[in-house]
Structures are given as structure tokens and as C-alpha cells.
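Q: From first to last, the protein sequence lines stand for chains H and Y. Everything in the first sequence is counted per UniProt numbering, starting at 1 for the first residue and increasing by one. Everything in the second sequence is counted per UniProt numbering, starting at 1 for the first residue and increasing by one.
2 protein chains.
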Amino acid sequence: MEKLKKYVSMKDEDHFYHQGAVELLIFNFLLILTILTIWLFKNHRFRFLHETGGAMLYGLLMGLIIRYVTKSPDVESGTVYECEELKSGPSTLLINITNQVYEYQYKREISHHNVNGHQGNAMLQKMTFDPSIFFNILLPPIIFHAGYSLKKRHFFRNLGSILTYAFLGTAISCIVIGLIMYGFVKAMVHIGQLKQWEFHFTDCLFFGSLMSATDPVTVLAIFHELNVDTDLYTLLFGESVLNDAVAIVLTHSISIYSPKENPNAFDAAAFFQSVGNFLGIFAGSFAMGSSYAVVTALISFMHLTKFTKLCEFPMLETGLFFLLSWSAFLSAEAAGLTGIVAVLFCGVTQAHYTYNNLSPDSKMRTKQLFEFMNFLAENVIFCYMGLALFTFQNHIFNPLFIFGALVAIFVARASNIYPLSFLLNLGRKQKIPGNFQHMMMFSGLRGAIAFALAIRDTGSQPKQMMFSTALLMVFFTVWVFGGGTAPMLTWLQIRVGVDPDEDLKAKAASQSASDLDKNTAKAESAWLFRIWYGFDHKYLKPLLTHTGPPLTSTLPEWCNPVARLLTSPRAYGDQLKDGDTVYIINNDELTENYESSAHIPVPAQDSTASIQATGKEDIQEGDLGLGGYKLQLQHTAGQPQKNSLA
Amino acid sequence: MEKLKKYVSMKDEDHFYHQGAVELLIFNFLLILTILTIWLFKNHRFRFLHETGGAMLYGLLMGLIIRYVTKSPDVESGTVYECEELKSGPSTLLINITNQVYEYQYKREISHHNVNGHQGNAMLQKMTFDPSIFFNILLPPIIFHAGYSLKKRHFFRNLGSILTYAFLGTAISCIVIGLIMYGFVKAMVHIGQLKQWEFHFTDCLFFGSLMSATDPVTVLAIFHELNVDTDLYTLLFGESVLNDAVAIVLTHSISIYSPKENPNAFDAAAFFQSVGNFLGIFAGSFAMGSSYAVVTALISFMHLTKFTKLCEFPMLETGLFFLLSWSAFLSAEAAGLTGIVAVLFCGVTQAHYTYNNLSPDSKMRTKQLFEFMNFLAENVIFCYMGLALFTFQNHIFNPLFIFGALVAIFVARASNIYPLSFLLNLGRKQKIPGNFQHMMMFSGLRGAIAFALAIRDTGSQPKQMMFSTALLMVFFTVWVFGGGTAPMLTWLQIRVGVDPDEDLKAKAASQSASDLDKNTAKAESAWLFRIWYGFDHKYLKPLLTHTGPPLTSTLPEWCNPVARLLTSPRAYGDQLKDGDTVYIINNDELTENYESSAHIPVPAQDSTASIQATGKEDIQEGDLGLGGYKLQLQHTAGQPQKNSLA
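1. List, in chain order, every chain H residue whose beta-carbon is nearer than 7 angstroms to that of residue 647/Y.
2. Does residue 20/Y come out as helix, strand or coil in the three-state DSSP assignment?
3. The alpha helix (DSSP H) spanning residue 67/Y covers which residue range?
4. I'd like the span of the alpha helix (DSSP H) that includes residue 217/H, first residue to last.
5. Is the Cβ of residue 39/Y closer than 9 angstroms to any Cβ of chain H?
6. Leaving out the 5 sequence neighbours to the left and right, which residues in its chain are closer than 8 angstroms to residue 234/H when beta-carbon positions are compared?
7. With residue 690/Y and residue 369/Y assumed to form a contact (beta carbons below 8 angstroms), what rounded beta-carbon distance in angstroms separates them?
8. On the criterion of 16 or more Cβ atoms from any shown chain inside 10 Å, does residue 337/H qualify as buried, or is it exposed?
9. Within its chain, find whatever has a CB closer than 7 angstroms to the CB of residue 474/Y; leave out the 5 residues flanking it on each side and keep chain order.
10. Apart from the five residues just before and just after residue 249/H, which ones in its own chain have a Cβ nearer than 7 angstroms to its Cβ?
11. In whole angstroms, what is the alpha-carbon distance linking residue 302/Y and residue 536/Y?
12. Can you confirm whether residue 448/H, when its beta carbon is compared against all beta carbons of chain Y, has any partner nearer than 9 angstroms?
13. Quick check: is the beta carbon of residue 454/Y nearer than 9 angstroms to any beta carbon in chain H?
14. Could you tell me the distance, in whole angstroms, from the CA atom of residue 143/H to the CA atom of residue 366/H?
15. If we cut at 9 angstroms on Cβ distances, does residue 42/Y have a partner in chain H?
16. With 7 angstroms as the C-beta to C-beta threshold (strictly closer), list the residues of the segment 367 to 386 of chain H near chain Y in chain order.
17. Buried or exposed: where does residue 422/H fall if 16 or more other Cβ atoms within 10 Å of its Cβ makes it buried?
18. Pick from 377/H, 292/H, 168/H, 245/H: whose alpha carbon is nearest that of residue 352/H?
19. Hey, residue 218/H and residue 20/H are a contact pair by Cβ (cut 8 angstroms); roughly how many whole angstroms apart?
20. Comparing C-alpha positions only, which one of 288/Y, 347/Y, 316/Y, 350/Y sits nearest to residue 334/Y?
21. Between 180/Y, 28/Y, 534/Y, which lies nearest to residue 377/Y when the distance is taken from Cα to Cα?
22. Determine whether the Cβ of residue 257/H lies closer than 9 angstroms to any Cβ atom of chain Y.
23. Given a cut-off of 9 angstroms, decide if residue 128/H and residue 391/H are closer than it, judged by their beta-carbon atoms.
24. I need the boundaries of the alpha helix (DSSP H) containing residue 289/H, first residue and last residue.
25. At 8 angstroms on the CB atoms, spell out the chain Y contacts of residue 241/H, in chain order.
26. Check the C-beta distance from residue 178/Y over to residue 208/Y and give it rounded, since I have them as a contact under 8 angstroms.
27. Within 9 angstroms of any Cβ in chain Y, is that where the Cβ of residue 28/H sits?
28. To the nearest angstrom, how far is it from the Cα of residue 210/H to the Cα of residue 345/H?
29. Can you give me the Cβ contacts of residue 330/H inside the same chain, cut-off strictly under 8 angstroms, excluding the 5 residues immediately before and after it?
30. Tell me the DSSP secondary structure of residue 446/Y in three-state form.
31. Using a Cβ-Cβ cut-off of less than 9 angstroms, give me the residues of the segment 195 to 216 of chain H that come near chain Y, in sequence order.
32. Thinking residue 166/Y and residue 220/Y are a contact (beta carbons under 8 angstroms), I'd like their distance in whole angstroms, please.
33. Are the beta-carbon atoms belonging to residue 382/Y and residue 480/Y less than 9 angstroms from one another?
34. Give a yes or no on whether the minimum CB-CB distance between residue 333/Y and chain H is below 9 angstroms.
35. Does the Cβ of residue 495/H have 16 or more other Cβ atoms within 10 Å, making it buried, or fewer, making it exposed?
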């Protein structure tokens with residue numbers, strides 16, 4: 001009744017285990033090579049190749065070797081068993097072969113035309129990761145680290161612009177790439193390059209959304225090393241962090257967009273359904289991530305002071321921090337939301353609240369742990385990208401499609417940066433100058449997220465073509481743009497060697513001197529953030545951390561018994577140390593006007609101290625790539641006065 | 001021609017991904033609970049439950065919930081497809097079901113009687129790890145950490161005794177358990193409890209070898225916390241670390257022991273083959289692990305001084321250290337050796353050489369990283385052990401066998417500790433007192449290694465019975481003996497609150513005062529170690545680290561040009577800092593007589609400084625469990641004088 005044809009490759013249990021070790025060993029070897037090379041390069045201040053570019057290069061070479069040097073394909077492979085009795089693929093399959101039962105586990109669905117791809121040699125097959133590894137293991141630490149190392153002061157200072165670039169810009173980029181690719185696809189159909197299968201507009205949009213995830217890790221590493229202008233750094237870093245989240249949710253929304261009838265016609269209901277999905281998933285993931293971080297903050301806060309001393313056991317503290325942050329990711333995934341987005345906002349919130357509650361030892365431990373995980377995961381992904389060019393067995397390289405994609409990402413980046421910068425400059429006191437815009441245009445590199453989104457589904461031929469093209473775009477942008485960052489900075493005359501804190505203060509000073517008359521207008525546009533800061537500073541920070549004024553002074557008097565219960569005994573003593581909030585309050589364009597009576601300049605000694613501290617930290621972080629996570633706990637003489645005024 | 005019967009459980013790709021998240025979330029939740037509980041316990045100095053015991057308890061409860069609360073078994077499951085055309089199970093199977101091709105991956109072979117076990121519910125199945133995860137992911141960090149945190153001075157001081165307990169003791173324990181179990185099995189066959197399948201003597205020996213892996217993590221954590229007598233701590237820690245390696249290789253050797261004819265008869269050829277295997281695998285793994293560590297030491301040494309400054313990039317340094325250590329594991333596995341043993345000796349060698357070359361920042365980073373990984377892996381394993389009692393679906397609990405095992409592990413531990421201690425005391429200057437022997441007898445806990453070895457193969461009914469029994473032994477020993485450690489210490493009147501360094505010095509002083517006449521006799525028995533120390537101190541340390549005398553002074557004069565090339569420029573300046581070697585030289589019973597002209601006492605100020613430093617480190621490590629990894633770089637006035645004498 002059922003027909004079974006053979007599909008056999010070598011099977012030997014011991015061989016099987018050892019093979020796994022060999023694969024991992026290859027990766028280890030590539031990473032070690034990468035580290036040694038980069039080390040040499042860093043030492044000679046050779047900035048044309050970042051570690052990610054190096055990892056990609058070595059991966060490429062290793063892929064070449066594996067492809068052409070290892071043994072020839074198994075002849076027996078690539079045939080399919082047929083089974084008409086089953087209605088769907090079971091998750092576990094028991095098969096009796098020559099009187100011995102074997103257990104098989106469901107891996108994936110593959111389309112018929114890919115079956116031949118399975119004829120490749122066993123080594124190539126082994127070197128192909130399960131795509132879910134990217135989303136479940138490699139990306140979360142990278143994204144969490146990005147959130148955790150966001151320079152909050154500078155980030156909030158440019159929040160409006162960053163949100164505009166990240167949300168509006170990504171949407172523009174997605175649509176522009178989608179339209180251009182649709183044009184190219186039409187042309188390809190016209191000249192007969194595409195025929196038997198269809199490439200819908202939604203497929204083009206899907207490609208647009210995944211190619212909209214920028215990842216300027218190389219550029220940012222160089223920026224950090226050269227201390228490029230902080231505003232530029234923050235704009236680019238903030239945009240790329242949020243843009244990842246937007247692109248991931250956007251890709252998901254487009255992939256589940258299913259118009260009822262003609263797939264090329266516009267279906268308003270399905271479109272709004274997708275928009276609703278996007279908003280729902282984004283908001284849900286945001287809420288999930290933040291709430292886990294708040295729980296962590298609460299636990300660490302309570303244990304730190306109220307009940308026991310967690311800080312005596314930094315290992316437990318670090319473990320708790322790590323597990324709760326990972327739980328944010330897993331809970332979002334389990335709830336059908338986007339774990340990556342949850343983990344991003346979890347990181348941001350952890351840095352804002354929990355970090356303040358950690359013991360000094362745990363602060364360093366968590367920071368170094370996440371740095372290390374970020375470093376490893378990033379290099380593994382870039383290594384794998386290099387490998388995938390030769391070891392992935394279903395590549396479809398279509399020159400016209402690749403050329404189209406290259407044009408599309410340029411045009412899309414340009415129609416994202418320039419018009420939005422123009423619009424933003426209308427509202428910004430501190431304009432985004434032309435050379436910054438050119439640099440942002442130039443920094444539209446594609447990296448880990450675009451790759452991970454593309455590899456998630458390579459079942460159909462359009463998806464395979466997209467994957468191959470996305471891979472080439474990553475290579476091209478990382479090597480060409482990444483390598484050209486330093487010359488480009490010189491050519492665009494962007495200032496380097498800027499101390500972030502001095503810069504911020506200088507700008508704040510010049511603003512407050514020249515723009516005092518604009519304050520009323522600015523205050524209007526920033527009312528949302530003023531309210532948020534007031535709330536955060538007065539209630540959330542005292543509740544969740546040991547900084548900020550004690551709740552007893554911020555809550556109404558009738559709340560005093562509750563407030564006293566909730567206030568950390570340390571808060572009374574440590575209320576002077578809320579350096580971060582002070583900074584935001586004193587220096588932010590958005591919050592400058594928060595409590596107009598509280599215009600107390602930061603004393604000169606303090607600012608010097610903070611600059612020195614920051615400088616020191618920079619040296620320690622020299623090799624970090626994204627580096628620069630700084631929270632200063634500093635005494636600011638202005639703070640208690642303000643509290644008494646508030 | 002082929003018959004295929006149905007085996008279907010729910011399959012839905014999205015559901016599939018989310019399920020993975022739910023499982024991990026359960027583990028996260030259990031670990032978080034464990035951390036919070038232990039934190040509370042630690043704070044109240046409640047020492048009856050160590051975190052591993054807590055993790056096991058929570059795992060048990062969660063297993064109970066999953067077993068009896070989650071949905072009832074799928075009705076469709078548990079049937080086997082038959083396929084006579086295949087000759088062996090392919091590693092990947094392509095199946096065409098209702099015109100859609102699914103890919104299945106080979107998981108394992110199962111015996112016919114276990115097929116019914118697959119009728120259990122999907123959730124229980126999902127909660128069952130692949131056993132290779134234990135050996136490839138969870139155990140390596142634990143074992144590496146153990147090697148890396150070995151207190152070298154105390155370890156080498158008791159090396160002879162530790163090696164005796166670890167090698168001879170484990171062999172005795174294995175044989176005794178094997179014999180007793182064989183007796184019980186015979187009895188069970190006699191009364192008719194065992195019938196249709198056979199339980200060979202080799203199976204009993206296999207059980208004996210896996211049950212010989214002791215894991216007194218709970219006991220050691222309490223010892224560390226209470227600062228129990230250092231000799232006892234070192235004997236127990238050293239024994240348990242090496243004993244794991246011995247038990248793993250022993251189990252492997254027994255499992256591949258295959259007598260030609262009657263499996264119950266003794267086959268001398270096969271026996272010597274097994275002994276040869278044991279020695280070969282052990283030596284090979286040792287060599288593999290050590291050589292990777294030496295490579296790491298060389299790289300870090302060269303980069304630190306000769307070519308570039310790796311220490312400026314602690315992240316790269318840590319990454320390299322981590323990757324090379326992991327490569328030791330993977331290379332050993334790929335070469336058919338035992339990765340766990342390789343990683344253990346890699347850890348020991350890294351601590352001896354590489355650690356000295358690391359920058360202070362990297363020293364802390366690597367230490368904390370491995371601590372953290374050890375902490376997580378250990379708790380995951382113990383959590384899983386708790387879960388496995390209810391979620392593993394092929395348990396065979398045989399009361400007689402369990403009772404036999406309980407008797408066997410007691411008798412085996414007793415015939416390991418007491419006779420060997422008696423023999424050792426004949427040769428030891430510093431006797432192992434009776435209460436130490438009782439404590440070591442009491443500390444024969446079984447843990448992660450025994451579990452991992454038992455779960456590796458649960459295909460046949462004897463193996464399932466062994467697994468179930470091993471699991472119960474772990475529960476029993478961890479809870480009963482682990483919980484009873486503190487009372488037992490009091491009852492046996494073992495002194496606590498000992499400072500390890502002061503202790504060592506006091507002992508060394510009392511020895512050198514009273515036993516000066518025995519020196520000549522001692523020197524004879526310790527010649528191997530004297531040679532090794534001389535070689536290590538004069539050649540290896542200067543070549544691989546920045547400590548020790550410069551090679552120019554230790555090599556013969558005609559080697560001077562080579563020596564100058566190989567000597568670190570820092571060695572000339574830093575030669576005073578070889579604190580570790582100095583300690584060994586000044587305090588070890590084995591090396592006391594190394595260069596008899598160099599009997600220069602350590603100045604009093606120095607020893608005070610070192611004690612203070614150690615005390616501080618102890619506080620930071622308070623929660624570590626195995627804790628106590630201390631290398632001091634201290635100036636010792638005696639050292640340059642000695643060099644000039646040498």
C-alpha cells in the first residue's frame with residue numbers, strides 16, 4: 001500500500017556523536033583564528049576589518065574548503081519514502097527496520113524541489129544549523145546586550161528622532177524595497193527569468209521588511225573606538241537597536257498577512273489585520289519584557305534591603321538576573337509574541353532600574369557576562385554567514401534580483417534618512433547636519449537580524465532567492481561600508497575624540513544660553529516625557545531602586561504609612577546619588593524644563609569627576625564593540641535642593 | 001510490501017516552537033525558585049539544604065505536577081511503522097505524507113518493549129532531554145571549573161593520597177559494587193524476579209563503575225562555608241575531581257569490554273584489552289587537555305609580552321581562553337577520547353600556567369564566567385534529576401535491586417576509604433585521623449556524573465533498572481548525607497573555621513621542626529615530584545608564564561642566546577612574584593627538600609599579607625560552593641636569594 005524508497009546516509013551512533021564535536025570544533029577554530037587576527041589588527045590600529053568582518057571571511061574560506069575538499073556526495077541519498085496513511089507529519093516517528101525500532105524526530109517540512117538538495121555530502125548537511133538556533137540562542141544575548149548598553153542619557157535626549165527613524169524609517173524602507181523589488185520581479189517575469197512559480201507583492205514586501213533591519217555593528221565599533229560625536233553615535237545606535245525590533249515584528253506581520261482572494265490585490269481588511277498584529281505583538285512584547293525587568297528590580301530591591309542581603313551572594317544575584325531576563329524572552333515566545341523584542345525592552349528596563357539595585361560585584365559580573373555572550377554570539381553568526389555561502393545547498397543566485405536588491409537598499413536607505421532628517425530638523429533645536437545624514441546613509445549595513453530573518457524560511461524558491469540575496473547584501477555592506485567607515489569619517493569631516501559627557505554639557509550649556517526663549521514651545525512638545533520623568537523619578541525609581549527621593553517625600557501625606565513601608569532604608573541616605581536622573585534632568589533637551597524652578601547648574605567639580613570616571617571606564621571597555629554602558633553614581637549637590645523644591 | 005502503522009501525536013510547527021519555550025521556561029522557573037529559596041536559607045544560615053538539594057526538590061515537585069496534572073496521553077501514539085527495505089536507520093529520513101515531504105532526524109534506537117512507553121503524554125516526552133546534552137553541554141563546565149578551582153598547593157601536598165583514593169579506591173569501589181550486585185541479581189533470578197532477560201556480571205560491573213563516581217558538591221559547599229580543616233577538604237575535593245575522570249573512563253572501558261564466548265566467563269584477552277583501553281583513553285585525554293592548556297598559555301604569554309598586548313582587550317583574552325578550553329573537550333571527543341577527562345586536566349593546567357599570564361581583568365572575568373557556568377549547569381542537572389523521577393517513562397523500580405545497591409554503595413565506600421587510609425597512613429607523616437576517615441566515608445554522595453553515566457544508555461531493561469536505581473541513590477545520598485553534613489562535623493569533632501594558609505604554614509613549621517631527621521627518607525619517596533617541580537620551576541614556568549627565574553639563569557650557559565630570546569622581558573622584573581612556586585617550595589612536604597640549601601623561612605609580614613588577601617577573596621566567593629580558587633602573586637623576600645644560590 002505504501003511505497004518506501006530508500007534514503008540512507010551513513011549512520012553509526014559513535015560516528016554521529018563525534019561528528020557533532022567536529023562541527024563545533026570547526027566553529028571554535030574559526031573563532032580562535034578571528035580573535036587572533038583581530039587582536040593583531042587592533043594592535044596595529046588597522047581599522048578596515050572589524051572582528052565580524054574577519055569572522056565572515058574565515059567562515060567563507062572554511063566553507064570553500066568544506067565544499068570542495070571533503071568527500072564526495074553519498075550516492076544513496078535524496079530519495080523520499082511515501083506514506084499515504086498518515087495525514088500529517090507526527091512529531092516523533094517510530095520505524096521498525098530489520099527488527100530494530102528507531103526513533104525519528106520531526107525536523108521540518110521541505111518542498112519537493114528541494115529534495116535533490118539533500119543529495120549533497122553529509123558534512124555540508126551537518127554544518128547547516130537549525131534556523132531556530134539563531135532566534136532562540138544566538139540573537140537574544142546580542143539584542144539584550146544592545147538594550148542593556150544603551151546610553152540612556154544620550155538616548156533619551158534624541159528619543160524623538162530615534163523613534164522616527166526606527167518606526168517611520170523602517171516602514172518607509174520596507175515599502176520602498178518592496179516596490180523596487182516588485183518592479184524588478186515584473187521585469188524578470190517579462191524577460192522570462194521567472195516563470196513557473198509566482199512572486200507576489202507580499203513576497204517583495206517580506207523581503208523589504210527583512211532587508212530593513214540594519215546592523216551597523218562594525219560602524220559603531222569604530223565610532224566607539226574613535227569617540228565620534230555622541231549625537232551621531234546615539235542616533236545610529238538607537239535607530240539600529242529599535243529598528244531590529246520593528247523589522248522583526250514587521251516581517252512577522254507581513255508573513256501572516258493573508259488576503260482572501262487575489263494575492264496581488266489590496267485587501268483592506270487583511271491589511272488592517274496586519275497593522276493590528278504589528279501593534280499588538282509589539283506592545284505585548286514590550287509589556288512582557290518590561291514587566292520581567294520590573295519583577296527583577298523588585299526582587300533584587302527587596303532582597304537587597306528589606307529581607308536579606310542578596311549582595312553577599314553575587315553569584316545568586318547574577319543567576320537571578322540572567323534567568324529572569326531569559327524568562328522574558330521565553331515567556332514572550334510561549335505567548336506567541338516576539339521574544340527578541342521582549343528581551344530588548346527587558347534589557348533597557350533592567351539597565352534603568354535593576355542595575356541600580358545590584359551590588360558592585362554583580363554590576364560588573366552581569367555587564368561582563370552579557371558582553372561576553374554578545375561577543376561570542378555575534379562572531380558565531382558572522383562566521384556562520386561566511387560558511388553558509390558555500391555550505392547552504394539550495395542557493396539561488398539571480399543576478400538581476402541581486403542587482404535589484406542592491407539598488408533597492410540604497411534607495412530605501414536614502415528615502416529613509418534624508419526626508420526624515422529634513423522633517424526632524426524642522427522640529428529639532430540641535431539640527432542633524434548634512435554630514436551626519438550622509439554618515440547615517442552610509443551606515444545602513446545589514447547583518448545578523450536580516451540573515452536570521454531570511455534563513456528562518458528557505459522552503460520555497462522565492463524564499464531561497466531572497467536568502468541568497470540577503471546573504472550577499474550582508475557581505476557587501478559589512479566589508480565595503482564597514483571597511484570604509486574610517487575614511488568616510490575623515491572625508492565627511494565628522495569630529496572624533498569627543499568626550500561624551502563634556503559634549504553633552506557643552507551642548508546643554510549653549511542651548512540654555514541661546515534658546516531660553518524657546519523653552520515654552522519645547523515644553524509643549526515634550527509634555528509626555530516630562531510626565532513620564534516626573535512619574536519615574538518620584539515614584540518608580542524610589543519604589544524599584546535605591547535612588548531618587550524617598551517615597552515619603554513624594555507621595556501625598558496621607559500615604560505616609562505605606563510610603564514608609566515601601567521606602568528603602570538606604571534611600572534616605574542614598575538619595576543624593578541619583579546621578580542618572582540628575583543628568584537627564586539637567587541636560588536633556590526634553591526635560592530641561594521639567595520643573596522650571598529647578599535650574600541649578602551642576603557644580604564644576606562634579607562634572608570634572610564624572611568625566612574622569614567615564615574616561616577610565618572607556619579604557620576598560622576599549623575592545624567592546626558596542627561598549628559604552630555607563631551609569632554614574634555621583635554626588636550632585638543640586639539634587640537635594642531640587643527635592644526640597646519638588 | 002512494507003507495513004506502516006500509525007504513530008501520530010499533535011504536530012503543528014508553531015506549537016512546536018512554543019513548546020520548546022515552555023519547557024525552558026519551566027526550567028528557568030525552577031532555577032529561579034531554587035535561587036530564591038537558597039538565598040533565604042543562606043541568609044538564615046540554614047545548612048540542611050544545599051542549592052542542589054533544593055533544585056532536586058523543586059524538580060521533583062514540578063515532575064509530579066507535569067505527570068499528574070497535564071493532559072492525558074494521546075490515543076493515537078505508540079505504534080510502529082515497519083520497513084523491511086532499509087538495512088539500518090538513516091540519519092535523516094524524508095517522508096512523503098499526503099503530498100508533502102517531511103524531514104525526520106534520527107534520534108535513537110529503542111528496544112521493542114519500550115515502545116509502549118511512548119504512549120505517554122507529549123509534555124512528558126518533551127521534558128526528557130537528549131542524554132548527550134549532559135555530556136556535551138552541562139558536564140564540561142562543571143568539570144572544568146573543578147579543575148580550574150583546585151587549590152594547587154594543598155592538592156600537591158596530598159597528591160599521593162588523592163591519587164590512591166581516586167584510582168585504586170574507584171577500582172575497589174567498582175569491583176565491590178559489581179560483586180554485591182551480582183549476588184543480588186543471582187538471588188533475584190533464584191526467587192524468580194528476573195527471568196526472561198539476562199543480567200551479566202559485566203552489567204553489574206558497569207553499574208559498579210557508574211555508581212563509583214562520587215560528587216560531594218553539597219558536602220564541599222558546607223566545608224567551604226565552615227572552613228573545615230584544609231587537609232580533609234583537599235583530600236575529599238581532590239578525590240572527587242579525579243574520581244569522576246576515573247569512573248567515566250572505567251564505565252566506558254567496561255561498556256566496550258566484550259568477551260568472545262560466554263559473557264559470564266572470564267576472558268583474559270578481553271580483560272587486558274579493557275585495561276589497555278582504560279589506560280590509553282585516560283592518558284590520551286590527559287595529554288589532549290594539557291596540551292590545549294599549554295597552547296593557551298603560550299599564546300597568552302606571547303601576546304602579552306612579545307608581540308602585542310592582549311591584556312588591553314580582556315574580552316578577546318577571555319574569549320580565547322574559553323574557546324581553547326572548549327576545544328580541548330571537543331578535540332578529545334572527536335578523537336574518540338573522553339572529553340570530560342580532557343577538560344579536567346585542561347582546567348588544572350590552565351590554572352597552573354595560563355592564569356598567570358592573564359591580565360587582572362581577565363583573571364577575574366574567566367574565574368567568574370566559569371563559576372557562573374558551573375552554577376547554572378549544576379543546578380540544571382539537579383533540577384532535571386528531580387524531574388526525571390516522574391517524567392522519565394521507562395522506570396523500573398525493583399525493591400531488591402535498590403536495596404542491594406544501597407548496601408553495595410555503603411560497603412564499597414567503606415572498603416575504599418578505610419583500607420586505603422590504613423595503607424596511606426603507613427607512609428604519611430601527617431596521618432589521616434579516624435574522624436577524617438569517617439567523614440570521607442560519610443561524604444560518598446552520588447550526583448551529576450553517576451546520573452549522566454546512567455542516563456546515557458536506557459535502551460534495555462537492565463539499563464533502565466540501573467538508571468532508576470542510580471537516580472534513587474542520588475536522591476538518598478544528597479538529601480540524607482548532604483543534609484547531615486553539618487551535624488556530622490560536630491559529632492565527629494572536626495575542627496572548623498580554619499584558615500587554609502595559616503593551617504598549611506603551621507603544619508609545615510611543626511613538621512620542619514620535628515621531622516628534620518626524616519627528610520632524607522621522605523626525599524627518596526618524593527623524587528618524582530622533586531624532579532617535576534625542578535623542571536617546572538626552572539623551565540616550564542619561565543617559558544610559559546612570567547613567573548619563575550629567567551631562563552638565562554636556569555639554562556646552561558651555551559644556551560644563553562636561545563634563552564634570552566625565549567625569556568619574557570617581564571620575567572627579569574617579575575621574578576620575585578613567583579608566589580605559588582615559593583609556597584610549594586616552602587611548604588610542601590614533597591618539595592621541602594628541593595635544593596636543601598634554600599631553607600629560607602617566609603618572612604612574617606608576607607604571610608600576614610597573604611592571609612588577609614585570602615580572607616578577602618573568601619568573602620567574595622562566599623556563595624560559590626566549590627569556591628576557593630586562589631593564586632597569590634606576592635613578593636617573597638626569600639626568592640631572589642634562592643635564585644642566586646641555585
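Using N, Cα and C, we set each Cβ at its ideal position, and we do this for glycine too. If you're wondering where the values come from, they're calculated on a predicted model, not measured in any experiment.
A: The relevant details are as follows:
1. Nothing about residue 647/Y can be reported from this structure: the residues present for chain Y run from 1 to 646 only.
2. Counting from one through the second sequence, the residue named residue 20/Y turns up at place 20. In the structure shown, residue 20/Y sits in a helix (DSSP, three-state: H, G or I).
3. Taking the second sequence and counting its residues from 1, the one referred to as residue 67/Y is at position 67. Taken as a continuous stretch (DSSP letters only), the alpha helix (DSSP H) holding residue 67/Y covers 51 to 69.
4. Within the first sequence, numbered from 1, the residue matching residue 217/H stands at position 217. From DSSP, the alpha helix (DSSP H) with residue 217/H extends over 217 to 226.
5. Residue numbering aside, residue 39/Y sits at position 39 when the second sequence is read from its first letter. At least one chain H Cβ lies under 9 angstroms of residue 39/Y.
6. Position 234 of the first sequence, counted from the first residue, corresponds to residue 234/H. Closer than 8 angstroms at Cβ, skipping near neighbours: 151, 154, 155, 157, 158, 162.
7. Residue numbering for chain Y in the displayed model covers 1 to 646; residue 690/Y lies beyond these limits and cannot be assessed.
8. Here residue 337/H is taken as the residue at index 337 of the first sequence, counted from 1. Residue 337/H comes out buried.
9. Residue 474/Y sits at position 474 when you count from the first residue of the second sequence. Same-chain partners within the cutoff: 385, 446, 447, 450, 451.
10. Sequence index remark: in the first sequence, residue 249/H carries index 249 (1-based). 278, 281, 282, 338, 341.
11. Within the second sequence, numbered from 1, the residue matching residue 302/Y stands at position 302. Within the second sequence, numbered from 1, the residue matching residue 536/Y stands at position 536. The straight-line gap from Cα to Cα measures roughly 18 angstroms.
12. In the first sequence, the residue the question calls residue 448/H occupies position 448. Judged by the 9 angstroms Cβ criterion, residue 448/H is not in contact with chain Y.
13. Here residue 454/Y refers to the residue found at position 454 of the second sequence. Taking Cβ atoms only, chain H never reaches closer than 9 angstroms to residue 454/Y, which makes this a no.
14. The residue you call residue 143/H lines up with position 143 of the first sequence. The residue you call residue 366/H lines up with position 366 of the first sequence. Between residue 143/H and residue 366/H, the C-alpha separation is close to 15 angstroms.
15. Along the second sequence, read from residue 1 onward, the residue named residue 42/Y stands at position 42. With 9 angstroms as the cut-off, residue 42/Y counts as an interface residue toward chain H.
16. 368, 369, 371, 372, 375, 376
17. In the first sequence, the residue the question calls residue 422/H occupies position 422. It counts as exposed.
18. Against the first sequence, residue 352/H aligns to sequence position 352. Of the candidates 377/H, 292/H, 168/H, 245/H, the one whose C-alpha sits nearest the C-alpha of residue 352/H is 292/H.
19. As a working mapping, residue 218/H is identified with position 218 in the first sequence. As a working mapping, residue 20/H is identified with position 20 in the first sequence. Going by Cβ atoms, the distance from residue 218/H to residue 20/H rounds to 31 angstroms, so no, they are not a contact pair.
20. Against the second sequence, residue 334/Y aligns to sequence position 334. Relative to the Cα of residue 334/Y, the nearest Cα in the group 288/Y, 347/Y, 316/Y, 350/Y belongs to 288/Y.
21. By one-based count along the second sequence, residue 377/Y stands at place 377. Closest option to residue 377/Y, Cα to Cα, is 28/Y.
22. In the first sequence, residue 257/H corresponds to position 257, counting from 1. Output row for residue 257/H: interface = no.
23. By 1-based counting over the first sequence, the position of residue 391/H is 391. By 1-based counting over the first sequence, the position of residue 128/H is 128. Their beta carbons are under 9 angstroms apart, which means residue 391/H touches residue 128/H by this criterion.
24. Here residue 289/H corresponds to residue number 289 of the first sequence, with the count starting at 1. It spans 268 to 301 - the alpha helix (DSSP H) in which residue 289/H sits, taken as one unbroken run.
25. On the first sequence, residue 241/H is found 241 positions in, with the first residue counted as 1. Simply none; closest approach about 20 angstroms.
26. Here residue 178/Y refers to the residue found at position 178 when the second sequence is read from its first residue. Here residue 208/Y refers to the residue found at position 208 when the second sequence is read from its first residue. About 4 angstroms separates the two Cβ atoms, so the contact holds.
27. Your numbering for residue 28/H matches position 28 in the first sequence. So, interface residue.
28. The residue labelled residue 210/H in the question sits at position 210 within the first sequence. The residue labelled residue 345/H in the question sits at position 345 within the first sequence. Roughly 20 angstroms between the two C-alpha positions.
29. What you label residue 330/H is simply residue 330 of the first sequence in a count that begins at 1. The answer, listed in chain order, is 339.
30. Here the question's residue 446/Y lines up with position 446 in the second sequence. Three-state result, residue 446/Y: strand.
31. Listed by position, the residues of the segment 195 to 216 of chain H near chain Y (Cβ gap below 9 angstroms) amount to none.
32. Residue mapping note: residue 166/Y aligns to position 166 of the second sequence, counting from 1. Residue mapping note: residue 220/Y aligns to position 220 of the second sequence, counting from 1. That pair is no contact at about 15 angstroms.
33. As a first step, residue 382/Y must be located in the second sequence, where it is residue number 382. As a first step, residue 480/Y must be located in the second sequence, where it is residue number 480. Result no, Cβ atoms of residue 382/Y and residue 480/Y do not sit closer than 9 angstroms.
34. Taking the second sequence and counting its residues from 1, one reaches residue 333/Y at position 333. Yes, residue 333/Y lies at the interface with chain H (some Cβ there is under 9 angstroms from its Cβ).
35. Locating residue 495/H in the first sequence gives position 495, where the first residue counts as 1. Label assigned to residue 495/H: exposed.
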